[in-house]
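These notes are about the structure you will find just below.
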Amino acid sequence: MIDPSTYHAWHGIVPMGEFLAESDPGMFLVGGEGSHVIDRAGRRYLDARSSMWNVTLGYSCEPVKAAIRRQLGDLPSGTVMRYEHPPQITVDYAAALAAWLPPTLRHIRFGNTGSQMTEAAAMLSRFHRRMTGETGREYVVAVHGSYHGTGPLATALTGEQILHEWSAPLDDRTVHVAAAPADGCDDSCGGRRDDDCVRPLAEVVDRLGPQRVTAVIVEPVMGNYLHAASTHQLESLIRYCRGHGVHVIVDEVTTGAGRVAAMTVSGRLALEPDMIVLGKGLSAGYFPLTALAVADPIFDALATPPVRLGFPNGSTTDGHPLGAAAGLAVLEILTADGFLDGVRERGRQLRDTLLDTLADDPHVGDVRGEGMLLGLELRYRDGTPWTLRDVYRLRLACRDNGLLVSYADGVMPLLPPLTISVDECAELATVLGKTITAYAAEHLTS
Ligand SMILES: Cc1ncc(COP(=O)(O)O)c(C=O)c1O
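Numbered per the numbering used here, the sequence shown finishes at 446, counting up by one with no gaps.
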């Protein structure tokens with residue numbers, strides 16, 4: 001237990017009382033090495049959650065560390081807010097990043113958090129309407145169960161009712177639709193079933209009136225459940241939105257920057273959304289860095305606004321040169337020959353190792369996902385998914401056995417660094433297997 005009178009850091013979202021009661025100062029992290037972190041008590045943990053899903057290149061990525069050190073020597077701070085002296089390295093980074101995004105998205109805004117950028121995307125869509133005289137278009141449509149961060153607009157976009165209730169009042173021009181049915185399209189229908197794929201969205205757009213909807217925001221893989229939208233669902237969504245003059249924002253904060261063995265899912269599928277949000281792996285977690293890539297027509301309409309005020313959104317540290325230095329070094333690694341193919345292959349290995357090692361465990365179902373964005377399905381003996389509470393308690397048992405993992409409803413997300421080794425994949429599967437067996441024997445009756 002931690003003495004509340006001596007602990008002054010206040011963490012995001014978790015109830016602090018529970019944290020203080022269940023933790024001890026020996027657990028504070030003091031070191032990182034490869035895919036492992038080390039706590040004050042000297043315990044090593046395999047970090048199969050990459051901190052907050054962002055430390056994609058592990059803790060020993062020398063080229064990124066060296067780039068930040070170099071930049072510290074040259075220009076340790078700077079901004080792209082308000083003034084006409086952007087850091088050179090930030091300008092270079094924007095050009096380098098744009099070259100690896102879908103060709104229609106050439107304008108990059110930088111930020112520090114994913115939440116900041118999802119809010120910026122929704123606000124930019126609305127602001128664009130102001131410039132084009134479509135001021136009735138205010139509604140942003142998101143998906144139930146999605147996650148787009150926290151903040152008055154980001155929380156409103158996030159499709160979790162409990163967060164809405166506990167953070168109200170929020171932006172009141174957001175609406176949620178059911179995710180397109182998982183069996184609505186498996187990419188094999190050759191595009192004949194557009195209707196099924198976009199029906200939930202079309203119903204809401206019809207109800208509101210298309211002239212009142214400005215944008216739709218969607219995650220290619222829903223982080224909360226690790227359900228991937230099919231290619232055809234994403235293509236149909238974009239086609240439908242184009243037809244109705246609605247912007248498409250693809251939130252690739254989790255899926256982008258290598259996590260699913262691609263720079264972006266949008267790029268891999270040759271999608272042409274109006275905006276893409278990136279974060280997490282962009283700097284491999286070595287510096288707060290996020291980005292919003294924007295298509296020409298939106299940028300062009302805003303370049304010369306009627307009053308001397310561009311899109312009124314941004315923060316002091318946007319475009320920070322240390323972030324840009326980290327981002328450039330990460331980009332170089334991700335785009336080196338064979339790196340992303342290697343991530344795909346290692347992801348397959350991890351999946352196979354998990355399925356082999358856990359084959360006899362009646363509580364283990366399939367492994368969802370691809371690349372290093374995997375989810376282990378946990379089932380009771382009657383086939384129903386484990387509750388969030390059981391997955392959460394399994395997470396704590398894994399931690400006690402030296403393995404850090406995330407938790408979700410019925411599924412254990414596994415997002416280790418992209419650079420995890422073959423031996424570490426085996427370590428992950430072995431510890432997980434032992435922990436599930438022990439947990440089930442002690443706590444589960446079915
Ligand atoms: C898909 C998605 N969007 C947005 C966010 C918010 O990012 P941040 O936590 O950096 O604000 C997250 C964070 O987990 C995310 O997964």
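Here a beta-carbon is modelled for each residue, glycine too, at the ideal position from N, C-alpha and C.
By DSSP, does residue i sit in helix, in strand, or in coil?
{"i": "phenylalanine 452", "result": "Given a span of 1 to 446 for the chain in the structure shown, any question on residue 452 remains unanswerable."}
{"i": "leucine 271", "result": "coil"}
{"i": "aspartate 360", "result": "coil"}
{"i": "glycine 73", "result": "helix"}
{"i": "valine 517", "result": "Only positions 1 to 446 of the chain appear in the structure, and residue 517 is not among them; the question remains open."}
{"i": "leucine 226", "result": "coil"}
{"i": "phenylalanine 110", "result": "strand"}
{"i": "tyrosine 7", "result": "coil"}
{"i": "isoleucine 420", "result": "coil"}
{"i": "arginine 44", "result": "strand"}
{"i": "leucine 396", "result": "helix"}
{"i": "leucine 415", "result": "coil"}
{"i": "aspartate 390", "result": "helix"}
{"i": "arginine 137", "result": "coil"}
{"i": "glutamate 160", "result": "coil"}
{"i": "arginine 212", "result": "helix"}
{"i": "isoleucine 276", "result": "strand"}
{"i": "isoleucine 13", "result": "coil"}
{"i": "arginine 379", "result": "strand"}
{"i": "glycine 342", "result": "helix"}
{"i": "threonine 255", "result": "coil"}
{"i": "valine 204", "result": "helix"}
{"i": "alanine 303", "result": "helix"}
Can you grab the Cα-Cα spacing for the pair residue i / residue j, in whole Å?
{"i": "serine 77", "j": "histidine 320", "result": "6 Å"}
{"i": "leucine 105", "j": "glutamate 370", "result": "25 Å"}
{"i": "cysteine 197", "j": "aspartate 172", "result": "26 Å"}
{"i": "valine 216", "j": "methionine 117", "result": "15 Å"}
{"i": "glutamine 161", "j": "threonine 150", "result": "13 Å"}
{"i": "valine 367", "j": "threonine 357", "result": "12 Å"}
{"i": "serine 315", "j": "phenylalanine 110", "result": "9 Å"}
{"i": "glutamate 332", "j": "glycine 267", "result": "17 Å"}
{"i": "glycine 338", "j": "glycine 258", "result": "12 Å"}
{"i": "tyrosine 45", "j": "threonine 290", "result": "27 Å"}
{"i": "leucine 373", "j": "proline 306", "result": "45 Å"}
{"i": "methionine 412", "j": "proline 362", "result": "15 Å"}
{"i": "valine 407", "j": "alanine 303", "result": "It should be pointed out that residue 407 corresponds to tyrosine in this sequence rather than to valine. The alpha-carbon atoms of tyrosine 407 and alanine 303 are separated by roughly 43 Å."}
{"i": "alanine 438", "j": "leucine 394", "result": "10 Å"}
{"i": "glycine 285", "j": "threonine 214", "result": "32 Å"}
{"i": "aspartate 24", "j": "alanine 168", "result": "33 Å"}
{"i": "valine 175", "j": "aspartate 3", "result": "43 Å"}
{"i": "leucine 334", "j": "alanine 178", "result": "34 Å"}
{"i": "glycine 133", "j": "histidine 148", "result": "28 Å"}
{"i": "serine 50", "j": "glycine 310", "result": "37 Å"}
{"i": "serine 236", "j": "valine 250", "result": "14 Å"}
Take the Cβ of residue i as the centre, count every other Cβ of all protein chains shown within 10 Å, and call the residue buried at 16 or more, exposed below.
{"i": "glutamine 233", "result": "buried"}
{"i": "arginine 308", "result": "exposed"}
{"i": "methionine 222", "result": "buried"}
{"i": "tyrosine 7", "result": "exposed"}
{"i": "glutamate 345", "result": "exposed"}
{"i": "threonine 445", "result": "exposed"}
{"i": "methionine 263", "result": "buried"}
{"i": "leucine 72", "result": "exposed"}
{"i": "glycine 243", "result": "exposed"}
{"i": "arginine 40", "result": "exposed"}
{"i": "glycine 159", "result": "buried"}
{"i": "phenylalanine 287", "result": "buried"}
{"i": "glycine 209", "result": "exposed"}
{"i": "histidine 247", "result": "buried"}
{"i": "glutamate 22", "result": "exposed"}
{"i": "aspartate 47", "result": "buried"}
{"i": "proline 312", "result": "exposed"}
{"i": "valine 422", "result": "exposed"}
{"i": "glycine 42", "result": "exposed"}
{"i": "tyrosine 59", "result": "buried"}
{"i": "alanine 122", "result": "buried"}
Checklist entry - Counting Cβ pairs closer than 8 Å, one from the segment 30 to 39 and one from the segment 3 to 17, do we hit at least three? => result no
Item to check | the segment 119 to 129 in contact with the segment 137 to 150 per 3-pair CB rule at 8 Å | outcome: yes
Checklist entry - Counting Cβ pairs, one atom from each stretch, are 3 or more of them under 8 Å apart for the segment 75 to 93 and the segment 320 to 331? => result yes
Item to check | Validate contact between the segment 277 to 284 and the segment 54 to 73 using beta carbons, cut 8 Å, 3 pairs | outcome: yes
Item to check | the segment 335 to 355 touching the segment 381 to 393, judged by at least three CB pairs closer than 8 Å | outcome: no
Checklist entry - Below 8 Å, can you find three or more Cβ-Cβ pairs linking the segment 295 to 302 to the segment 260 to 277? => result yes
Item to check | Cβ pair count under 8 Å reaching 3, the segment 425 to 440 against the segment 393 to 413 | outcome: yes
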